[in-house]
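Going by the numbering used here, 335 is the number at position 216 of the sequence shown; the sequence numbering is gapless.
To start, the structure under review is shown below, and the notes come after it.
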Amino acid sequence: MDSSIKKVRIRNRALMNLPPHILSFIQKKATAKNTGSGKIRYLKSKQIIKESINIHEQNYWKTFIGNIVMDNNVYRKIKGSAGVRKDYEISDIIGPQNTLVYDNIGKVNVLAEHFERIHNSNMSSTLSNYEDVVRYSVSLLSDRIPLTSFDTVNMDSERLRANHEFFTPSDIRSALKTRNNKKSAGPDGIPNFVFKKTTVSVWSHVTSLYNHCINIEYYPTSWKKAIVFPVLKPGDDPKLVQSYRPISLLSNVGKLFEYFLLLKIHQHLTENRIFKDFQFGFRPGHSTTHALIAFSNSVIERLNARSATIAVSLDIANAFDTAGQDGILRISGLVGNLFQSKGETKDNGEKDPEPML
120 MDSSIKKVRI RNRALMNLPP HILSFIQKKA TAKNTGSGKI RYLKSKQIIK ESINIHEQNY
180 WKTFIGNIVM DNNVYRKIKG SAGVRKDYEI SDIIGPQNTL VYDNIGKVNV LAEHFERIHN
240 SNMSSTLSNY EDVVRYSVSL LSDRIPLTSF DTVNMDSERL RANHEFFTPS DIRSALKTRN
300 NKKSAGPDGI PNFVFKKTTV SVWSHVTSLY NHCINIEYYP TSWKKAIVFP VLKPGDDPKL
360 VQSYRPISLL SNVGKLFEYF LLLKIHQHLT ENRIFKDFQF GFRPGHSTTH ALIAFSNSVI
420 ERLNARSATI AVSLDIANAF DTAGQDGILR ISGLVGNLFQ SKGETKDNGE KDPEPML
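Set out below in structure tokens:
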């Protein structure tokens, strides 16, 4: 009898037998047509099946957990049902001066130094006065670009301007619906699915916190602390530090704040027409297809005018980390402590300041 009952795969790769009454509804849904007069019966059966499976699943796991005995097999049972991934050991890594690092602490320090080095801004240039040129260009921009400022008196009680409204609890609720439940929690240990289960009172406190952060131009350093996992790139040599890429787990509360900041920044850049016409990346409604059309159109226009077209393609290493962030912020009209906050990284107890954004 048990072998004839249909099995369905549920969360965490567990297999659960469906009872006969649910199988009966599945058969009825299969015979009902999703068109015409049978559509109502089809949709009703579909809803009943969904609700019945959810109830059966809850009862299944309740019974499963309740029957667990604290013996030598408890770890195997919990691990098998939870789908816990196996830990992997990082290979011995070639460190400074081509020495092989064997111990785990040494591996962590070598990888940490590598990740810090590749993500630091690199302002080096063959020109000795490169930094002076950048600073001078930024100072010229600051004289003619209107800056975006925030009220430091009203705090979170009133609107700033018509185009820079404060966040509301309803904004928090709407944004939480878009959060991915599968995203891991950061150092604060708050996963998205727990954040979603909170009430309006919690959203009100979070809203007040976000608005205060904007008004006093402060980005909490705890939201920029991350748990970093080195992940080996497919097919690369595990002994080379260049073969690993960092996966950072940040605070979900901080990431939600960044989401709202991005919305406001994008609104500001759009309303003030700061986006260039030929910027197709990181803009809604724009894609590589539009970039190809614009490029093709430019080439065709030059061909019709019997002129030559020269295309220059650049592949810049670490383009994001080496960009002149001060100049970008000035051009965008976004200047203030909020965008110049300082964080810190710890290496053997020493603290090093780093820009937050």
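All C-beta atoms in this analysis are idealised placements derived from N, C-alpha and C, irrespective of residue type, glycine included.
Small disclaimer: the values here were computed from a predicted structure and weren't measured.
Item to check | residue 418, buried or exposed, once every other Cβ within 10 Å from all chains shown has been counted against 16 | outcome: Residue 418 is classed as exposed because its beta carbon has fewer than 16 other beta carbons within 10 Å across all chains shown.
Checklist entry - How about the stretch 165-181 and the stretch 300-319: do they share at least three Cβ pairs that are nearer than 8 angstroms? => result Too few Cβ pairs lie closer than 8 angstroms, so no.
Next on the checklist: Please state the DSSP three-state secondary structure of residue 421.
Outcome noted: In the structure shown, residue 421 sits in a helix (DSSP, three-state: H, G or I).
Checklist entry - Can you give, in chain order, each stretch of the alpha helix (DSSP H) that sits fully within the stretch 388-439 and has at least 4 residues? => result DSSP runs (the alpha helix (DSSP H)) wholly in the stretch 388-439: 407-423.
Checklist entry - Can you pull the DSSP bridge partners for residue 367? => result In the DSSP output, where bridge partners are listed per residue, residue 367 has 347.
Item to check | residue 138 versus residue 144 - alpha carbon distance | outcome: Each residue's alpha carbon lies about 11 angstroms from the other.
Checklist entry - Is the number of C-beta pairs between the stretch 337-348 and the stretch 206-215 that are closer than 8 angstroms three or more? => result The answer is no - the stretch 206-215 does not touch the stretch 337-348, with fewer than three Cβ pairs under 8 angstroms.
Next on the checklist: For a quick check, are the C-beta atoms of residue 186 and residue 298 less than 9 angstroms apart?
Outcome noted: Not a contact, by the Cβ cut-off of 9 angstroms.
Next on the checklist: Given a cut-off of 9 angstroms on the beta-carbon distance, is the pair residue 367 and residue 352 in contact?
Outcome noted: Not in contact: residue 367 and residue 352 (Cβ atoms no closer than 9 angstroms).
Checklist entry - Going by alpha carbons, who is nearest to residue 218 out of 406, 420 and 359? => result Residue 359 is the option with its Cα nearest to residue 218.
Next on the checklist: Please return the same chain residues whose Cβ sits closer than 7 angstroms to the Cβ of residue 164, not counting the five positions on each side in sequence.
Outcome noted: Same-chain partners within the cutoff: 144, 147, 148 and 151.
Next on the checklist: Quick check on this structure: which residue in 328, 220 and 295 has the alpha carbon closest to the alpha carbon of residue 312?
Outcome noted: Checking every option, the nearest Cα to that of residue 312 belongs to 295.
Checklist entry - How is residue 219 classed by DSSP in three states: helix, strand or coil? => result It is a strand residue.
Next on the checklist: Using the three-state DSSP reduction, which class does residue 172 fall into: helix, strand or coil?
Outcome noted: Reduced to three states, the DSSP call for residue 172 is helix.
Item to check | DSSP three-state assignment for residue 309, whether helix, strand or coil | outcome: Secondary structure of residue 309 (DSSP, three-state): coil.
Next on the checklist: So, with DSSP's three-state summary, where would you put residue 447?
Outcome noted: Note: residue 447 maps to helix in three-state DSSP.
Checklist entry - Taking the C-alpha atoms as reference points, what is the distance between residue 350 and residue 436? => result As the crow flies, the alpha-carbon of residue 350 is around 20 angstroms from that of residue 436.
Item to check | Enclosing alpha helix (DSSP H) for residue 338 [first to last residue] | outcome: Residue 338 -> no alpha helix (DSSP H), and no H or E assigned at all.
Checklist entry - Excluding the five sequence neighbours on either side, which residues of its own chain have a C-beta within less than 6 angstroms of the C-beta of residue 428, listed in chain order? => result So the list reads 418 and 421, once near-sequence residues are dropped.
Checklist entry - Which residues mark the beginning and the end of the alpha helix (DSSP H) in which residue 289 is found? => result Start and end: 288-296.
Next on the checklist: Here's the rule: buried if 16 or more other CB atoms are within 10 angstroms of the residue's CB, otherwise exposed. What is residue 381?
Outcome noted: Answer is exposed; the Cβ neighbour count stays below 16.
Item to check | residue 283 versus residue 383: straight-line alpha-carbon distance, rounded | outcome: Caution applies to residue 283, whose pLDDT of 47 falls short of 50 and renders its modelled position unreliable; the value that the coordinates give is listed next. Here the alpha carbons of residue 383 and residue 283 stand approximately 7 angstroms from one another.
Next on the checklist: Quick check on residue 384: does DSSP put it in helix, strand or coil?
Outcome noted: Of the three classes helix, strand and coil, the one that applies to residue 384 here is helix, per DSSP.
Item to check | 9 angstroms Cβ cutoff met for residue 387 and residue 448 | outcome: No. Outside cutoff.
Checklist entry - What three-state label does DSSP hand residue 209 in the structure shown? => result Secondary structure of residue 209 (DSSP, three-state): coil.
Next on the checklist: Measuring straight from C-alpha to C-alpha, what distance separates residue 231 and residue 223?
Outcome noted: Distance between the alpha carbons of residue 231 and residue 223: 12 angstroms.
Item to check | C-beta contact flag for residue 413 and residue 399 at 9 angstroms | outcome: Yes.
Checklist entry - How many Å lie between residue 390 and residue 335 at the Cα? => result Looking at the backbone, the Cα of residue 390 and that of residue 335 are separated by about 24 angstroms.
Checklist entry - Exposed or buried, residue 426, counting other C-beta atoms within 10 Å across all chains shown (16 or more means buried)? => result Exposed, because fewer than 16 other Cβ atoms sit within 10 Å of the Cβ of residue 426.
Checklist entry - So, are the CB atoms of residue 286 and residue 330 less than 9 angstroms apart? => result Going by C-beta atoms, residue 286 is nearer than 9 angstroms to residue 330.
Next on the checklist: Can you find the residues in the same chain that come closer than 6 angstroms, C-beta to C-beta, to residue 300, ignoring five residues on each side of it along the sequence?
Outcome noted: Scanning its chain for C-beta atoms nearer than 6 angstroms, with the 5 sequence neighbours on each side dropped, one finds around residue 300 the residues 311 and 312, in chain order.
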